[in-house]
Amino acid sequence: MLGLLLLVLALVIGAIVLVRLAGRYQEQDPMEERLFQYLAEGRTVRSIEEFELQQPFTERVLIPIARRVGEILSRFTPQKALLATEQDLVRAGLRGKIDPTLFLAIRFFLAITFLFLGLMLGRMAASPTFRRLTLVLGVGFGLLGYYLPMLWLRSRINRRKKVIQKALPDVLDLLSIAVEAGLTFDGAIQQVVERWDNEVSVEFGRVLREMQLGKSRRDALRDLAQRIDLPELTSFVAAVIQAEQLGVGLTKILRIQADGMRLKRRQRAEEEARKAPIKMLFPLAFLIMPALFIVLLGPAVFILMKSALGSIFGF
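Those letters in the sequence shown? Residues 7 to 321, by this note's numbering.
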């Protein structure tokens, strides 16, 4: 009797399993359906190895090696320095393109390259003095190669700040117009993202994505000010946060901020215009004036030389 019950139970379980398997095989897998559709279009399925071989040599070989070297170097680098490098990369607009470990590897490889270049130049120098200073020359070139990426990064940060600084008044005008038209502040930011294609729209787009992921508007705006590190933008963010806390309308705040930024932009332009004559002094004195003297005084010099030589040699 017990054996019969076990046999019936096994048959029932087997039937249930067969029914489930049949239902699973009857339902076509979405991935399989997509694969059949892909093949029906006449396309070829490539393996991961083939896909990787089609990538450029830099992405296949050089960048992975550099990342590995950067990971090794990061173990001996203070965490504070890595965080500072990461902040500089974000401020330069290189987030997602270059990470701190890759940037550290680039600095290391450039330092080694410039070091060998300096040693080679010292060895190839004709003067014995330079040959004695081969090691010093190599170390100097190595330090130059190590700090050259940082100089490039600082220059990129400054250029990006100037672009954002120049575009901010117009962006705030658009924000104020959108708020006056009845949009919320988030909707006004969305208008900036959709209508503009510059560094400000990219940063505001990130603010919107952070708020959609659950971050509060206050924290998202503070992170924006910290990423860009621009006094005008920091003042704007502080004014918006204060208006939100006090329940003040944003339209007037945005107008005041836009007018203030536009005034500062005009003052910076006037300051640059006042500096222009001083900057033009060097090329004027060392490039234009010598050529002008040659054109004006050249014929007179030749005439004087001819008369002097004629009086001396009698011709």
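Think of the CB as a built atom: it goes at the ideal place given N, C-alpha and C, for glycine as much as any other residue. A quick note: this is a predicted structure, and the numbers were derived from the prediction, not measured.
Helix, strand or coil, according to DSSP, for P113 in the structure here? For the record, residue 113 in the displayed sequence is Arg; it is not Pro. Helix.
Let me confirm a value: T91 is counted as buried when at least 16 other C-beta atoms fall within 10 Å, else exposed. Which label applies? buried
Flag this pair as yes or no: are the beta carbons of L180 and R212 separated by less than 8 Å? Against a cut-off of 8 Å, the Cβ pair of R212 and L180 comes out as no contact.
Which whole-angstrom value is the C-beta distance of V254 and N204, which I expect to be below 8 Å? Actually they are not in contact, since the Cβ atoms of V254 and N204 sit about 28 Å apart, beyond 8 Å.
Could you check what DSSP says for R81 in three-state terms: helix, strand or coil? coil
Consult DSSP for A245 and reduce its assignment to one of helix, strand or coil. helix
Apart from the five residues on each side of it in sequence, which residues of its chain come closer than 8 Å, Cβ to Cβ, to V4? Residue 4 cannot be examined here, being either before or after the span of the chain that is shown, 7 to 321.
Here's a check: name, in chain order, each residue in its chain whose Cβ is nearer than 7 Å to the Cβ of Q171, leaving out the five neighbours to either side. L236, E238
Going by DSSP, what residue range makes up the alpha helix (DSSP H) through L189? Here L189 belongs to no alpha helix (DSSP H), and DSSP marks it neither H nor E.
Short of 8 Å in beta carbon distance, which residues of its chain neighbour I195, apart from the five on each side in sequence? Order them along the chain. L181, F210, V213, L214
Given a threshold of 16 other Cβ atoms within 10 Å of its Cβ, counted over all protein chains shown, does K167 qualify as buried or as exposed? Counting Cβ neighbours within 10 Å, K167 comes out buried, since at least 16 surround it.
Quick one: give me the first and last residue of the alpha helix (DSSP H) that A98 is part of. Per DSSP, A98 belongs to no alpha helix (DSSP H) and is neither H nor E.
Could you tell me the alpha carbon to alpha carbon distance between M286 and E77, rounded to whole angstroms? Distance between the alpha carbons of M286 and E77: 47 Å.
Sub-8 Å separation of L174 and L260 beta-carbons: no
Are P70 and L116 close, meaning C-beta to C-beta below 8 Å? no
Assigned exposure category for M130 - 16 Cβ within 10 Å defines buried: Result: exposed.
What's the gap between the Cα of T240 and the Cα of I262? 15 Å
Given this structure, state the Cα-to-Cα distance separating E276 from I284, to the nearest angstrom. 14 Å
Going by CA-CA distance only, name the one from N164, I118, R165 that's closest to L149. I118
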